[in-house]
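**Q**
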Amino acid sequence: MLPEFEYFRVKVVHSFEELVSTPFGSDFNALCWQRELQGDFGEIVNALGVSDGIVSVDDEDLQALNLSEAGLLARDILLSDQELLRSRDLQPNLDCVHTGLREMDGEPVPTDVYSFHVDSATTMADTYLCTYFGATSEGLRNEEAVRRVDVPETRAVLLERFGGEDDEGFREHLQDNCYDLHYAPLPHAQPYTFGLGNLWRIAIQYPDCPVPPCIHRAPATQPGEMRLLLIS
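Residues in the sequence shown are numbered consecutively from 58, following our numbering.
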């Protein structure tokens, strides 16, 4: 049995069609197509042989792999998921990630993917995410988060570095550096996992978005851990 999400902003759906066609509303800002995928995605990761950083994997890379029956099943799912998204004029990227040391520790507002954040755009858009192997993405309830730039101590440090007044120019500075997109969990916060194999569609920040954007991050991992994920 797959668990139900005990958060009113997450709506579970049961098909790709429902995932892409359900409008955000009634306060929910994340749609999750829960799946129990068959196949050996770890074999895909091992066969790709990524040893450093993030490598984008195209269809030709997948087709060239020498795989067992379980690996072939996993490959078919990867190709099928991307084809489904492309059929909706989306541009999915399949990434194999060899995690390294985090480089933004100590910054007043870390702006990497390991910090809780929201995605943003100038026009209506969504983000699609799925983790096939490794640690999964995490979500943070909007009610259990505060924008880092709204924490007085953090804002004071950023303002000092800016060297000006807390005015429109400073707010533009925060936007230009994406500081305003990053969030800190409140002391009682309980982040939730996106789970392996689940395909998510999450709301992002754009003008007139009808719901709050979904706060999420890449998981905290140890150097050398591997992940295989899709993002669009």
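Beta carbons are placed, not taken as given, at the ideal position from N, Cα and C, and that holds for glycine.
Owing to the predicted nature of the structure, the values given are computational and were not obtained by experimental measurement.
#1: Once DSSP output is grouped into helix, strand and coil, what is the label at Met58?
#2: Pick helix, strand or coil for Val112, following the three-state DSSP scheme.
#3: Could you have a look at Arg204 and say whether DSSP puts it in helix, strand or coil?
#4: Please confirm whether Ala87 and Val102 have their CB atoms less than 7 Å apart.
#5: Anyone know if the C-beta pair for Ser194 and His273 falls short of 7 Å?
#6: Using only CA atoms, which one of Glu63, Leu238, Asp84 and Leu243 lies nearest to Ala178?
#7: Using the three-state DSSP reduction, which class does Glu195 fall into: helix, strand or coil?
#8: For Thr278, which of helix, strand or coil comes out of DSSP?
#9: Identify the continuous beta strand (DSSP E) that holds Pro242 and give its terminal residues.
#10: Among Asp169, Gln247, Gln120 and Asp118, which has the Cα closest to the Cα of Cys235?
#11: When burial is assigned at 16 or more other CB atoms within 10 Å of the CB, is Leu243 buried or exposed?
#12: Can you give me the C-alpha to C-alpha distance between Gln91 and Leu186, rounded to a whole angstrom?
#13: Going by DSSP, which residues form a beta bridge with Asp152?
#14: For the beta strand (DSSP E) that Thr184 lies in, which residues bound it at each end?
**A** Concretely, from the data shown:
#1: Residue confidence is low: Met58 scores 43 on pLDDT, short of 50, so the model does not pin down where it sits. No coordinate-derived value is stated.
#2: strand
#3: strand
#4: no
#5: yes
#6: Leu238
#7: Looking at Glu195 - three-state DSSP - the assignment turns out to be strand.
#8: coil
#9: Tyr240 to Pro242
#10: Asp169
#11: exposed
#12: Near 12 Å, if we compare the C-alpha coordinates of Leu186 and Gln91.
#13: For Asp152, which the question treats as bridged, DSSP gives the partners Ser113 and Leu286.
#14: Asp183 to Phe190
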